[in-house]
Amino acid sequence: MATLRKFSLMVLCLVISSALMVETGHSQEASNEEAEGPESSYGKYLANCASKLSQKCGNEIFSAIFYGTEKVSIECCDKLVNEVGKVCNDDMTDYILQLPKFVSKDVEILERSQRVWEDCVVLDYPLLEPIGHSYDDVSEPSESPSGEPNYTLGPLSSYEEYLNNCAARLYPNCGDEMFSAIFFGNQTVTYDCCFQLVNDVGKLCHDDMVKYILKLPEYGPNQTEILHRSEIIWNDCLYLYYPVLELTGADM
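First residue of the sequence shown? That's 3 in my numbering, and the numbers climb one at a time after it.
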């Protein structure tokens with residue numbers, strides 16, 4: 003197999019999976035013809051994104067997104083959400099879509115990429131499942147195409163129902179942005195999602211959702227940092243819509 007330095011066009015694919023040369027049908031000779039010299043800084047960034055996935059998880063996620071032939075395991079979902087992040091996931095997918103083999107299926111592949119991400123977020127953090135659903139179907143159980151149930155919570159307490167209604171106000175991708183920005187600091191919250199946070203969710207719901215997820219043991223050591231990021235994101239979004247508050251130091 004050609005090494006990473008041999009051809010920059012395939013850099014991401016090689017890092018994601020040692021079997022990718024076979025899967026994409028590219029030969030070493032063809033790849034050498036595509037060589038663009040030393041890796042660009044963007045190529046290095048993508049390689050770093052991909053290096054956060056083990057070979058097993060790279061294979062699973064690649065097959066799930068580009069061929070729809072694999073189900074992503076709990077272990078690999080955890081790596082995707084907690085180590086790779088949404089931005090890296092999207093950028094890697096967009097980069098591989100430049101290969102001629104996938105161009106004709108770009109819409110289908112992008113839809114699968116989004117679905118894989120959302121399913122993995124739900125798998126790791128069931129409270130966030132209502133994101134992207136209407137208020138009418140928040141509490142309805144659902145099944146995957148395989149007939150297996152989605153990874154949802156059992157019967158909800160009144161407080162959990164309240165939190166689910168809070169989460170359901172973030173639609174469709176803002177929940178992903180907020181979650182990654184607050185709990186991992188690897189996402190920038192967009193203008194549209196700031197609008198939803200301030201005008202639809204509100205400070206009380208925002209704080210209560212963060213505190214609820216902080217009960218998960220993996221976040222205990224980073225609690226102070228996460229709460230600090232949560233407050234910064236709220237204030238930044240608030241000032242984005244009400245800039246006069248930043249000048250006066252007012253709080254809402």
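Built from N, CA and C at the ideal position, the CB exists for glycine as well.
Contact between the stretch 43-54 and the stretch 94-103 is established, with three or more Cβ pairs separated by less than 8 Å. Rounded to the nearest angstrom, the Cβ distance from I235 to A169 is 16 Å, too far for a contact under 8 Å. Cβ neighbours of C196 within its own chain (closer than 6 Å, five residues either side excluded): C239, L242.
Here the alpha carbon of F185 sits roughly 25 Å from the alpha carbon of Y244. Residue nearest to L55 within the set I228, K217, V203, K81 is K81 (criterion: CA-CA distance). Within its own chain, the residues whose Cβ lies closer than 8 Å to the Cβ of D194, once the five positions on either side in sequence are excluded, are C176, listed in chain order.
A residue is called buried when at least 16 other Cβ atoms come within 10 angstroms of its Cβ; D121 meets this threshold and is buried. With contacts defined as CB atoms closer than 9 Å, E62 and C51 fail to qualify as a contacting pair.
Residues R171, L172, Y173, C176 of the same chain have their beta carbon placed closer than 8 Å to that of Q198, with the five preceding and five following residues left out of the count.
Annotation: E162 to E85 spans about 27 Å, alpha carbon to alpha carbon. Here E72 carries a coil assignment [DSSP, helix/strand/coil]. Sequence-distant partners of S232 (beyond 5 residues in either direction) whose C-beta falls short of 8 Å from its own C-beta, in its chain, are I184, H208, D209, V212. Contact between V123 and D178 holds, with the beta-carbon distance rounding to 6 Å and staying under 8 Å.
Sequence-distant partners of G87 (beyond 5 residues in either direction) whose C-beta falls short of 7 Å from its own C-beta, in its chain, are S182, F186, N188, Q189. Non-local beta-carbon contacts of I67 in its own chain, meaning distances under 7 Å to residues more than five positions away in sequence, involve T95, I111, R114, S115, V118 in chain order.
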